[in-house]
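Colleague: First to last, the sequence lines map onto chains A and B.
Following our numbering, the residues of the first sequence are numbered contiguously, the last one being 331.
Following our numbering, the residues of the second sequence are numbered contiguously, the last one being 331.
Backbone N, C-alpha and C define an ideal beta-carbon position, used for all residues, glycine too.
Protein chains: 2
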Amino acid sequence: MTSGRVTIADVARRAGVSTAAVSKVVRGAYGVSAEMQAKVTQAIDELGYRPHAAARALRGRTYTLGVMLSDTRNPFFPDIIEGVTGRLGDTEYQVLLGPGGIEPKTQARMTDAMIDRSMDGLILISPVMTDAELAAIAAAIPVVVVGRHGGAAAYDAVVDDDVMGAGLVVDHLVGLGHTRIAHITHLERARAQGLPHTVRAEGYRQAMRAHGLADDVLATSFTEEGGFEGARELLARDDRPTAIFAGADIAALGVLRAADEAGLSVPEDLSVAGYDNIGIASLKRISLTSVDQDGHVIGATAAQLLVERIEGRSRSVTSSVSPTLIVRGTTGPPRP
Amino acid sequence: MTSGRVTIADVARRAGVSTAAVSKVVRGAYGVSAEMQAKVTQAIDELGYRPHAAARALRGRTYTLGVMLSDTRNPFFPDIIEGVTGRLGDTEYQVLLGPGGIEPKTQARMTDAMIDRSMDGLILISPVMTDAELAAIAAAIPVVVVGRHGGAAAYDAVVDDDVMGAGLVVDHLVGLGHTRIAHITHLERARAQGLPHTVRAEGYRQAMRAHGLADDVLATSFTEEGGFEGARELLARDDRPTAIFAGADIAALGVLRAADEAGLSVPEDLSVAGYDNIGIASLKRISLTSVDQDGHVIGATAAQLLVERIEGRSRSVTSSVSPTLIVRGTTGPPRP
DNA sequence: CTAACAATGGAGAACGTTCTACACAATACC
DNA sequence: GGTATTGTGTAGAACGTTCTCCATTGTTAG
């Protein structure tokens, strides 16, 4: 062993055949006898040969899929990753993640880098670029976009049905007897269309209307502080709401703090619900009612669609994943 | 434009020079006149040329660094990533993350995959493989190991000074007047040596001894439930501790719940401290005293060491990052 | 018996870079 | 005026695969 790496030529020499034959066996291509198959497979095992992905890249596939993460702190991104890798576990594909940052510029740099590394396809999680940029990327490489409503013709999309999720919360609260239900959303500032918070707010409005109730949306931000400030404002009103639905769990935590400080007990004086079902929502001390997005299913679906695209499908698909409501201790009937 | 991708040959043709010349300019190599530099740079800009990483891989560098994550749910891994990318932001290197899973086998598969993709170096975060496997990987590619004590000659290591961190907590509690301080650790089950929880427990013991106090270590697990169970056992004792130091914040949350249920108020009846300073520790409603590991510094250091290794250093380095204690509302003087 | 065909294996040209070796010119030294 | 020396540019061979032909066998049909 001179240079470390075992190449296809080493295998060919060992098996006494040509490199072309080895390549055929490795790829499972047509035109290989059983005998050849056996010889080569044995040589591969003996030498511990693994194909060199970079060399493959120059001709065909790399069997590498890229997942661009817009925010590594996103609480359900681990679930999505697990869904992706789980779905791909028994295939030859490998998954690599690219931290894209939250700026359009850094995200573009990352997608470029992934394309330069000849990945076979890309999953973009909540990308913030414009539709035009997205289309340009999709023209260069198969793409599946996750978490952005209103997919385009050039790529596939997987979204949580945020309208439905918001509806589940409103239905639940109305079912408990609430009528004054406020919603805290994130202040719109990005140029990108179809971001989840917008859709959740719209779903909330639709559901309230369906129940014949007046909607009440306050825009702060999806942070603990944003939830706190929003709740404080809402709770200071004359006819304060009996329930607050925050568009994200992290904001719901701020709402809980505001309730604490106002001396209101939850859920007796105020019901609180969030969205995302982040890990700590299930801690007994928090026990936050929330909407769960099933990141596993989202990730698995995205992986599935991407592989289909790579292997030839050209018609574009948008898949909507239904969320479920997890009822916990922060919601209950209003005081009569 | 026929096939999409702009190659070095296209640039060479446009600038009227050889491909070798373009390559020199791109790499900033020696032997290029100012005039040549200008011509080529202009052609590159006009055509929007980007080097094809996979092709580069076959000869030299890929300018890609891999970070293997053992657990995507690890609460401070986003900080580490930010530290790494921040340190590398102004270089040519790109960072890709590989979800390695928590099994030795899947982690090995991921590191293999990264090597097959000709990455220039690897950062392994809390790998669970044996020292021998680690050494084998380090023989094939420059490696920096993060979060595992007792680094070896073949690779660099960055660790949090867990002994010091545990000491900070004990010193703080003793300073407040506590003498009965218990520690909850994680049940040892892995084959890997030098994992943080072991070192934290040892640091706790050392610090207690230094203060002339008796140590009291209980091993459950680093989960909310583990912290809860452990605390319940500790609090049922006759001379129950006045302070509990959990080796991880998630366990400390369980301790807080146990205190709630036992009707003990924090910090008057029981002081609680954690380790890791996870995001929610700073929420006002939790306000957990914790040890902060500064993931940014850890990540940045790891990136720095890896680049140095790649660029030629052969002597192995172990860097220890000092943690800091973040005092919040869950610790205070014991009741007299 | 020959033509046609299927099945199998191999030669060798890509793929887009890097990098060693060399060619050539201009300058410096004796 | 010849020989080093330096500076600048190019040719062309790698790197490890894939994949399109082509060559060689048998086999089958007529």
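Residues in the same chain with beta-carbon distance under 7 Å from L248 of chain B, minus the five sequence neighbours each way, listed in chain order, please.
Modeller: Same-chain partners within the cutoff: E219 and G222.
Colleague: Given T326 of chain B, which residues of its chain have a CB within under 8 Å of its CB, disregarding the five upstream and five downstream residues?
Modeller: Answer for T326 of chain B: H167, L168, L171, A238, P262, S266, V267, A268 and T284, listed in chain order.
Colleague: Assuming D349 of chain B and S315 of chain B are in contact, meaning their beta carbons sit under 8 Å apart, how far apart are those beta carbons, in whole angstroms?
Modeller: Any property of residue 349 of chain B remains undetermined from this structure, which presents chain B solely from -4 to 331.
Colleague: Could you please give me the residues that DSSP links to A241 of chain A through a beta bridge?
Modeller: For A241 of chain A, which the question treats as bridged, DSSP gives the partners A:I179.
Colleague: With 8 Å as the threshold, decide whether the Cβ of A133 of chain A is near any Cβ in chain B.
Modeller: No - not a single Cβ of chain B is within 8 Å of the one on A133 of chain A.
Colleague: Compare the C-beta of R280 of chain A against all C-beta atoms of chain B and say whether one is closer than 8 Å.
Modeller: For R280 of chain A, the answer is yes, since a Cβ of chain B falls inside 8 Å of its Cβ.
Colleague: Give me, in chain order, the residues of the same chain whose beta-carbon lies closer than 7 Å to that of H173 of chain B; leave out the 5 immediate sequence neighbours on both sides.
Modeller: So the list reads T237, A238, S266 and P329, once near-sequence residues are dropped.
Colleague: Could you check the C-alpha separation between A246 of chain B and E228 of chain B for me, to the nearest Å?
Modeller: Rounded to the nearest angstrom, the two C-alpha atoms are 14 Å apart.
Colleague: Short of 8 Å in beta carbon distance, which residues of its chain neighbour R9 of chain B, apart from the five on each side in sequence? Order them along the chain.
Modeller: Within the same chain, R9 of chain B has close Cβ partners A38, E41 and L42.
Colleague: Could you tell me whether the Cβ of L230 of chain B comes closer than 8 Å to any Cβ of chain A?
Modeller: No, its Cβ sits nowhere closer than 8 Å to a Cβ of chain A.
Colleague: I'd like to know if A52 of chain B contacts chain A, where contact means its C-beta is closer than 8 Å to some C-beta of that chain.
Modeller: With 8 Å as the cut-off, A52 of chain B counts as an interface residue toward chain A.
Colleague: Could you list the residues in the segment 19 to 52 of chain A with a C-beta less than 9 Å from some C-beta on chain B, going in chain order?
Modeller: Within the segment 19 to 52 of chain A, the residues whose Cβ lies closer than 9 Å to some Cβ of chain B are R45, P46, H47, A48, A49, A50, R51 and A52, listed in chain order.
Colleague: Give me the chain B residues within the contact set of T2 of chain A, using Cβ-Cβ distance strictly less than 8 Å, ordered along the chain.
Modeller: Ordered by position in chain B, no residue passes the 8 Å Cβ test against T2 of chain A, which lies about 11 Å from the chain.
Colleague: Touch check for the segment 91 to 100 of chain A and the segment 115 to 134 of chain B: three-plus C-beta pairs under 8 Å?
Modeller: As far as the Cβ criterion goes, the segment 91 to 100 of chain A does not touch the segment 115 to 134 of chain B, which means the pair count is below three.
Colleague: What in chain A is Cβ-close to P94 of chain B, meaning under 7 Å?
Modeller: The contacting residues are I76, T80, V90 and L92.
Colleague: For A257 of chain A, which residues in the same chain have their Cβ closer than 7 Å to its Cβ, ignoring the five residues on either side in sequence?
Modeller: The residues are L230.
Colleague: Do H178 of chain A and F240 of chain A count as a contact pair if the criterion is CB distance below 8 Å?
Modeller: Their beta carbons are under 8 Å apart, which means F240 of chain A touches H178 of chain A by this criterion.
Colleague: Terminal residues of the continuous alpha helix (DSSP H) containing S18 of chain B?
Modeller: First-last of the alpha helix (DSSP H) with S18 of chain B: T14 to R22.
Colleague: Please list, in chain order, the residues of the segment 253 to 277 of chain A that have any C-beta partner in chain B closer than 7 Å.
Modeller: Of all residues in the segment 253 to 277 of chain A, D255 and I275 have a Cβ within less than 7 Å of some Cβ in chain B.
Colleague: Could you name the residues of the same chain whose beta carbon sits closer than 6 Å to that of R252 of chain A, not counting the 5 residues immediately before and after it, in chain order?
Modeller: Cβ within range, chain order: F223.
Colleague: In chain A, what lies closer than 9 Å to A103 of chain B by C-beta?
Modeller: Those do not exist, as A103 of chain B stays about 12 Å from chain A at its closest Cβ, beyond 9 Å.
Colleague: At a CB distance below 7 Å, what residues from the segment 232 to 251 of chain A approach chain B? Give them in sequence order.
Modeller: From the segment 232 to 251 of chain A, only L248 and L251 have a Cβ closer than 7 Å to chain B.
Colleague: If you draw a straight line from the C-alpha of V312 of chain B to the C-alpha of I132 of chain B, how long is it?
Modeller: Cα to Cα, the separation comes out at about 17 Å.
Colleague: Determine whether the beta carbon atoms of V1 of chain B and Y44 of chain B lie at a separation below 8 Å.
Modeller: Cβ distance < 8 Å, so V1 of chain B and Y44 of chain B count as in contact.
Colleague: So is D111 of chain B in contact with chain A if we call contact Cβ pairs under 8 Å?
Modeller: Chain A, which has a Cβ nearer than 8 Å to the Cβ of D111 of chain B, makes this yes.
Colleague: Can you pull the chain A residues whose beta carbon is under 7 Å from the beta carbon of R68 of chain B, in chain order?
Modeller: Those are P73, listed as they occur along chain A.
Colleague: Under 8 Å: do the segment 289 to 301 of chain B and the segment 72 to 80 of chain B share three or more Cβ pairs, one atom per stretch?
Modeller: With a cut-off of 8 Å, the segment 72 to 80 of chain B and the segment 289 to 301 of chain B count as touching, because enough Cβ pairs lie within range.
Colleague: Within the same chain, show all residues whose beta-carbon is closer than 6 Å to that of V17 of chain B, passing over the 5 residues directly before and after it, in chain order.
Modeller: Counting only Cβ-Cβ distances below 6 Å, and skipping sequence neighbours, we find I3, V6, A7 and V35.
Colleague: Determine the chain B residues that contact E224 of chain A at a beta-carbon separation under 8 Å, and present them in chain order.
Modeller: Under the 8 Å cutoff, chain B gives no residues; its nearest Cβ is about 13 Å from E224 of chain A.
Colleague: Answer with buried or exposed for P73 of chain B, where buried requires no fewer than 16 other C-beta atoms within 10 angstroms of its C-beta.
Modeller: Buried, by the Cβ-count rule.
Colleague: Residues in the same chain with beta-carbon distance under 6 Å from S(-2) of chain B, minus the five sequence neighbours each way, listed in chain order, please.
Modeller: Its pLDDT being 49, under 50, S(-2) of chain B is placed unreliably by the model, and nothing is read from it.
Colleague: Which of the three DSSP states is assigned to V286 of chain A in this structure?
Modeller: Of the three classes helix, strand and coil, the one that applies to V286 of chain A here is strand, per DSSP.
Colleague: I need the straight-line Cα distance from D66 of chain A to D211 of chain B, nearest angstrom please.
Modeller: Approximately 40 Å, taken between the alpha carbons.
Colleague: So with CB distances below 8 Å, who are the chain B contacts of D211 of chain A?
Modeller: Under the 8 Å cutoff, chain B gives no residues; its nearest Cβ is about 24 Å from D211 of chain A.
Colleague: Could you confirm whether any beta carbon from chain A is found closer than 8 Å to the beta carbon of E219 of chain B?
Modeller: True, the Cβ-Cβ gap to chain A drops below 8 Å.
Colleague: How many Å lie between T14 of chain A and A130 of chain B at the Cα?
Modeller: Approximately 32 Å between the Cα atoms of the pair.
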